[in-house]
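J.: In my numbering, each residue carries its 1-based index in the sequence shown increased by 26. Please see the structure below; I have some questions.
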Amino acid sequence: MDEDKLYATAAYIFFVPALYIIFTKLRRRKLVAFHAAQALLLWISIFAVLVLLKFLLNLVWSWAYLPWLDFLGSLCKYSLFVYAFYCGAQASLGEKYEIPWISKVAKALC
């Protein structure tokens, strides 16, 4: 069981273990498979938000440079990574922590 917690935690923190779990026999373990699917969807969502954020910042900066937007963008970026670490900490406790909206899709994938 401790190994399951380790795999689930690593999936949230490093992204690559989520792919490893999904493509190997580890996906047969219910808790690990759920956290791997949820972590993979979380990382895809984080990537999409960061790309959209960068696009919007560049769009605004093409009109006028607003220095506080740089701070706001960095704050948003770091808060997403902190949330991924928080999810990993919840997984290390052995809980089935559900992220709103993402957990429904992750359950369907498992």
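Even glycine gets a Cβ: it sits at the ideal position worked out from N, Cα and C. As the structure is a prediction and not an experimental result, all values here were calculated from the model.
Name the residue from Phe97, Val75, Ala34 whose alpha carbon lies nearest to the alpha carbon of Gly114.
T.: Considering only alpha carbons, the answer is Ala34.
J.: Excluding five sequence neighbours on each side, which residues of the same chain lie with their C-beta closer than 7 Å to the C-beta of Ala37?
T.: The residues are Pro43, Ala44, Ile47, His61, Ala62, Ala65.
J.: Return yes when the Cβ of Ser88 is within less than 9 Å of the Cβ of Ile128, no when it is not.
T.: No, they are not a contact pair.
J.: Using only the alpha-carbon positions, how far apart do Phe41 and Asp30 sit?
T.: Using only the alpha carbons, I get a separation of about 16 Å.
J.: Taking the straight line between their C-alpha atoms, what separation do you get for Leu57 and Cys102?
T.: Cα to Cα, the separation comes out at about 29 Å.
J.: Enumerated in chain order, which unbroken segments of the alpha helix (DSSP H) with a length of 4 residues or greater are wholly contained in the segment 41-103?
T.: Complete alpha helix (DSSP H) runs here, min 4: 42-49, 56-89.
J.: Can you tell me the Cα-Cα spacing of Asn84 and Leu98, whole angstroms?
T.: Approximately 13 Å between the Cα atoms of the pair.
J.: Mind checking Ala74: buried by the 16 CB within 10 Å criterion, or exposed?
T.: Under this definition Ala74 is an exposed residue.
J.: Taking only three categories from DSSP, how would you classify Glu29?
T.: Residue state, collapsed to three classes: helix.
J.: May I have the straight-line CA-CA distance separating Ala59 from Phe107, to the nearest angstrom?
T.: Answer to the nearest angstrom: the Cα atoms are 21 Å apart.
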